[in-house]
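With the first letter of the sequence shown counted as 1, position 337 gets the number 337 in the UniProt record's numbering; the numbers rise by one all the way through.
Virtual Cβ for every residue (Gly too), placed ideally from N, Cα, C.
Presented below is the structure to which this report refers.
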Amino acid sequence: AGDSLTLTRTGELMGEFGRLYEQQYAVALFNKMRYDIEGGGGPQNQLLHRKVPLKNKSIFSGDLFQYLEENKKWRNRFLFIPDSYNINYYENKQAHDRGLHPKGTINCAGYRVLTSMEEYLELLNTSLPGVKAKVGSSPFLKFATQFPLILWHPYARHYYFCMVTEKEQQKWNAVFQDCVRHTNNGLPEECKVQTPAFTDAVRLFRQAHGHYGTWDMMCGTPPQILANLVMETLLPEMRDLITPKLKGKIIICGSELYYAVYGLVQSQTRAQYEAVVQSCEAGRPPLETTIRTDMDQIITSKEHVSSKIKALVLPKAEKLLKVSIQPYISSILDALMEPTSRGFFEVRDLFFRELVDMSKNLLNDGNKEKLGEHMEKISMLAFHPVKMQSCYEKMESLSLEGLQQRFDVSSPSVFVQRAQILMREQMDDAVYTFEQLLHQSLEDQEAEDLCKTSQRCQDRVIKKFDYDSSTVRKKFFREALLQIFIPYMLKQLSPSCSAELPRFQELIFEDFSRFILVENIFEEAVLHTVMKDIMMAVKEAAVQRRHNLYRDSIVLTNSDPNLHLLGENPPIDWAEEYGGGQEEEDGENAGDPEAQKRRRMKQVVSMIQVEDNVFVLPNESCLEVPAVDNIPEEEAEVRSDTSLSQQSEKQVPNGTKKDVNKNAIDEKPPTNGSAIKEEESTTEMSLQGTESKSAIDCAIQEIENAVQEEEHELRTQKTEDHIMPRDDSIWCLIEICILYLMLIASDTVLPCQNSH
């Protein structure tokens, strides 16, 4: 029944989405070709843009503890985060260095990073209504340390990690947040046809089902977004089916079922979306021919229909605008401007501080080798999540209280993450421009003082940064206000206007009907109604010099006429060019190009240095934690765990046991290794586990078995209480014997303790 429901709902949604996508594809193709011919206005960016930001770079790598649900243990895992921002986890660093496939890969799109069990259980209670879990009574998970990190997703598998120190937790938290931020921004802007066709099709689908406004799960790749769309409809039906069978002690069973269904849904949406895209791409050439031939006639026909629809829409839209929109534009703009501008100012200050620090160091030891070392670090500044955290945090204070319900804004997170992505792009543009200017100056004036050269380049870049920052922020404010107001206006106007739109379709020639849709023209008419007020509000803010916004009339004179030619230059390897040459190759890997490539790869975030007095588990150790009640583990696992505990046991502060390898007692704790890039061919499929239909059946069967076992235990317990009272003396004797055996085992494995 579960499989049938899942496949039915997925098929229904993809059928409707496919129809909408085909319609919007033709419209997007026409808009793209029209833009290519007519061009678009707008100020030109002053800063250069790096085409491949993280070439030969990785983000971070290191060891931490991960909870494994299959055997209910904490294990030491090596995590490696490449430039894709997917999280790959390995058995240990050696497995990664040898080029083995990762144990698993996490695509962070749609995830939230949590730092406490309270946050996690609150979200869990929301996703599983009727099952209330509390921190103190949580039976399924006990953290090995007091510094946890949890990756939570409303549909996909959850991941549990913990760190030894607070410093490690903060660094990993910043890295995980950056992974979420990057993967949520998954639709490429370079795809001028597929991306707008997809976003418009998803928006129209949700509007047809009564969902207007922003959507938190519009994140990741198209198949992921479509899977989220299916789950939005499917999840309530699944809850009605399984919630009556769930009890607090078996909360994980319900989650496992969701994971399995989500994996199946995602595999279906991926295959069907690719088929829709291929079909549209195959039909693209004749569409392009028609557009080129009849461009003028299509534009004339569209303008004629637009004038008719505007006559219908404008009176109603202007009335709505005056009463429900205009009074709120200024307050919402202020709420957006304050944290956004503070975040961009922090980007500017961080960039300035890094360059000042470099200049100070060059004053003491002003040679080019030192310059190369500093520039190697600065070149990756925008992608250093720990250093950029101070910028991102400014945006976290964005609050739209009182406005979210009025305008159907699900949460500010959509705007927060978009602004943070823009901050990162702006920082990298500034860094890249500084790199190119400095490199050019060093080539032209080799003997000149490095500090003075750096200072001149810095001043030029800061001026360009201020101009581009103003341009980027004003565009962000306009887009954010449109995202807030347009859905609200469409929701209010659609009931009275939608019924009259079909008659306007008759005014369109049949040959042009694929490129002119009355639904799109209706939305454009609404957009133009409110756009004038939004532009005026942003312009007034710039005229008042609020938040250092430049007026539109100000155009920065191009002091570097050939600057944009520098953007075509190859990337600068500062370490190789100014750092004194390459290190000697390891003899073992001398003939292995892939090994040499991994060796040369640089890591953005530096390794975590663990203090000597901090307790860290050896590499192959594990922490035993209580298993989920009423979910039996395999006998082989139980025997294996028992044999391990008999070999060696050591008590840890949280009351769990730690298995220690006898030969590893005197070994040093693991440290974070340098990162190396790995080519992944099946990343996306391994993210969610990609469970098949049988996984859903297994999850359902687990729920039924757990319920039956729990009921059986309760009946057995009642019978024993009435018939066989417990003999406390016998149990005490058994406990004493167990403790005695544990002491013997401890003395055998750890003879060094006898001296104490």
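- Under the three-pair Cβ rule at 8 Å, the segment 306 to 315 does not count as touching the segment 393 to 402.
- Proximity of the segment 66 to 77 to the segment 86 to 99 meets the contact definition, three or more beta-carbon pairs being nearer than 8 Å.
- The continuous alpha helix (DSSP H) containing P339 extends over residues 326 to 364.
- Rounded to whole angstroms, the gap between the alpha carbons of F509 and G283 is 20 Å.
- Under DSSP, V113 forms a beta bridge with L151.
- C-alpha of L565 to C-alpha of E435: approximately 14 Å in a straight line.
- Listed in chain order, the non-local C-beta contacts of D200 below 6 Å within the same chain comprise Q24, local neighbours out to five positions each way being set aside.
- In this chain, the alpha helix (DSSP H) harbouring S494 covers 450 to 497.
- By the C-beta density criterion, R406 is exposed, having fewer than 16 other C-beta atoms within 10 angstroms.
- Taking the Cα positions, C179 is about 17 Å away from F415.
- Contact annotation: A311 and Y262 have beta-carbon atoms that are not nearer than 8 Å.
- Of the candidates L100, E70, Q170, Q170 places its Cα closest to the Cα of S116.
- Separation of I81 and F383 (C-alpha to C-alpha, rounded to the nearest whole angstrom) is 12 Å.
- Taking every protein chain shown into account, the CB of H304 has fewer than 16 other CB atoms within 10 angstroms, so this residue is exposed.
- Secondary structure note for R77: its beta strand (DSSP E) is the uninterrupted segment 73 to 81.
- Residue environment analysis places H182 among the buried positions, since at least 16 neighbouring C-beta atoms fall within 10 angstroms of its C-beta.
- When E288, S127, R239, Y259 are compared, the shortest CA-CA separation from V193 is found for E288.
- Here the alpha carbon of I291 sits roughly 19 Å from the alpha carbon of Q505.
- Annotated as proximal: S379 and V431, with beta-carbon spacing under 8 Å.
- Boundaries of the beta strand (DSSP E) around D63: 60 to 68.
- Apart from the 5 residues on each side of it in sequence, E166 sits with its Cβ closer than 8 Å to the Cβ of F147 in its chain, given in chain order.
- Nearest to R503 by alpha-carbon distance, out of G567, S496, V518, P236, is V518.
- With a cutoff of 8 Å on beta-carbon distance, L47 and D468 are scored as near each other.
- In terms of Cα proximity to E118, the closest of K322, L442, N367, K142 is K142.
- Counting of Cβ neighbours within 10 angstroms places I37 among the exposed residues, the total staying below 16.
- According to the DSSP secondary-structure assignment, F383 is paired through a beta bridge with no residue.
- The beta carbon of A542 lies closer than 8 Å to those of S470, K474, L549, Y550, R551, D552 in the same chain, with the five residues before and after it left out.
- Across the set H439, R239, P43, the C-alpha of H439 shows the shortest separation from the C-alpha of A575.
- Within 10 angstroms of the beta-carbon of L363 lie fewer than 16 other beta-carbons, which makes it exposed.
- Between A271 and I329, the alpha-carbon positions lie close to 43 Å from each other.
- Judged by their CB atoms, F477 and M375 are not nearer to each other than the 8 Å cut-off.
- As computed with DSSP, I106 is found in a beta bridge with I87.
- In terms of Cα proximity to M238, the closest of V164, P222, L257, Q297 is L257.
- Proximity of the segment 152 to 168 to the segment 94 to 102 falls short of the contact definition, fewer than three beta-carbon pairs being nearer than 8 Å.
- Annotation: the segment 206 to 249 contains no complete segment of the beta strand (DSSP E) (minimum length 3 residues).
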